[in-house]
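In my numbering, the protein residues as written are 63 to 477.
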């Protein structure tokens, strides 16, 4: 048995959300132990797109998903793919997703995403400033470009919908795009610029810096796989590959792997699935873009980082156990062709795949249950990096007082 009687809170999951929460809790005087099956930051937090996506306030799907379903099943390289072998297991999740596209639940989801996103930029500035690593984030905006005349109406409709949600957005002409990003193809017709966004120069560096700060505040780390647990009168007992763990409270923040532990501790089955996301890192393309650029038609993002240009995007539903399809990562390079005056070089490129934890209403679970002995912070879908810092602030408040009514849409009992 791993003797941990001194642990106030065991944080299960050492990704960006878990580490940010661990640092917050340690600063509030709690004795915190981080537990993860991998080294800190080596899950989805390692390979995300690096974009602070505060503009993305709409759920991951809309009703057009019904028309796209045949292609999702048949096109292995499409931007949204459902592995036909995984369809029977995914069907209940997709049914819930479709039910959440009805007007009332859809608007609740939008309001919930927006509430987190509106606090995300300030929370990240506070967090990185507090550890003296503000240089890891650049608030230089981001750009959504389009290249087909037929897309102009789609883009204008999106702009109006975003403005209705108080998202700051500017329409850019082709000339403005060329001036700001001269290496892009001059045939691009324009785009939408989001000034209140930015990007991280290396997501793994961000996780590592936060982990170092957490360690300096006394946070411990145990590499172990937590398979279950039980809430007891004196706290929580966890079953791990390193033996039983004991803590007064536990925070479940292990991303796409959170459902099993949540069920064991609370008896509640959470409809958590995973969006498998891919990236392709181009190490020789460090000077191509001044900020993150997304293609409306090609549906992927390109983010400039310290180690090169990261191409990321596409969504694949195939579960936690199917092997990665790295052709999808290399497909991102093919998608980039024609977006620049000179095509990107794939010399030395490295592909990657990670699991984004997604719930069918596109909202995370941020809650305190079992009389406060179990805390929950998972299910942020593709906004985990964006919402990590503000989630940590909310978790810090949760351990001090019960969650207020403003947090109702993120509660576990909504399922």
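The beta carbon of each residue, even a glycine, is placed where N, CA and C say it ideally should be. Predicted model only: the values in this text are computed from it and were never measured.
Beta-bridge partners of residue i, as assigned by DSSP
i	result
residue 200	261
residue 498	The displayed coordinates of the chain run from 63 to 477. Any statement about residue 498 would go beyond what the structure contains.
residue 356	206 and 363
residue 456	For residue 456, which the question treats as bridged, DSSP gives no partner whatsoever.
residue 168	Residue 168 is not bridged to any residue.
residue 124	In DSSP, residue 124 forms no bridge with anything.
residue 72	95 and 312
residue 437	313 and 430
residue 412	343
residue 419	336
residue 252	208 and 235
residue 402	246
residue 370	367
Residue i vs residue j beta-carbon contact at 8 angstroms
i	j	result
residue 364	residue 411	no
residue 289	residue 302	yes
residue 480	residue 452	Beyond the ends of the chain as shown, which are 63 and 477, falls residue 480; an answer cannot be given.
residue 437	residue 460	yes
residue 384	residue 137	no
residue 163	residue 220	no
residue 435	residue 311	yes
residue 89	residue 70	no
residue 419	residue 441	yes
residue 148	residue 380	yes
residue 81	residue 276	yes
residue 422	residue 155	yes
residue 477	residue 246	no
residue 300	residue 291	yes
residue 366	residue 158	no
residue 17	residue 260	Missing from the structure shown is residue 17; the chain here goes from 63 to 477 and no further.
residue 243	residue 351	yes
residue 359	residue 231	no
residue 353	residue 106	no
residue 227	residue 119	yes
Cβ-based neighbour list, residue i, same chain, cut-off 6 angstroms, excluding 5 preceding and 5 following
i	result
residue 325	331
residue 63	Since pLDDT at residue 63 reaches only 48, below the 50 mark, its modelled position is unreliable, and no value is offered.
residue 195	271
residue 248	240
residue 356	206 and 363
residue 316	74 and 75
residue 393	139
residue 189	451
residue 282	95
residue 166	none
8 angstroms CB neighbourhood of residue i in its chain, flanking five on each side removed
i	result
residue 395	342, 344, 373, 406, 408 and 411
residue 86	454, 455, 457 and 458
Sequence-distant residues of the same chain with beta carbon closer than 7 angstroms to residue i, five excluded per side
i	result
residue 390	139, 340, 376 and 378
residue 467	Annotation note: pLDDT 48 at residue 467 (below 50); position unreliable, no value reported.
residue 65	In this prediction, residue 65 scores a pLDDT of 49, lower than 50, which makes its location untrustworthy; the coordinate-derived value is nonetheless stated afterwards. Taken in chain order, the list of residues that qualify is empty.
residue 293	327, 432, 435 and 436
residue 368	263 and 264
residue 209	249, 250, 251 and 359
residue 429	438, 465, 472, 473 and 474
Test: residue i CB closer than 8 angstroms to a CB of chain B
i	result
residue 290	Here there is only one protein chain, and chain B is not present.
Could you check whether the stretch 225-245 touches the stretch 89-109, counting it as contact only if at least three pairs of C-beta atoms, one from each stretch, sit closer than 8 angstroms? No, because fewer than three Cβ pairs between the stretch 225-245 and the stretch 89-109 fall closer than 8 angstroms, the two stretches do not touch.
Kindly confirm or deny that the stretch 253-261 and the stretch 196-210 touch, where touching means at least three C-beta pairs closer than 8 angstroms. Under the 8 angstroms Cβ criterion, the stretch 253-261 counts as touching the stretch 196-210, having at least three qualifying pairs.
Hey, which unbroken runs of the alpha helix (DSSP H) at 4 residues or more fall wholly within the stretch 271-336? Counting only unbroken stretches of 4 or more residues, the alpha helix (DSSP H) elements lying wholly within the stretch 271-336 are 320-328, in sequence order.
Can we say the stretch 110-123 touches the stretch 258-270, given the rule of at least three CB pairs closer than 8 angstroms? Three or more Cβ pairs closer than 8 angstroms define a contact, and the stretch 110-123 meets that threshold against the stretch 258-270.
Which residue spans inside the stretch 89-159 form an unbroken beta strand (DSSP E) run of at least 3? Here the runs fully enclosed are 94-98 and 142-144.
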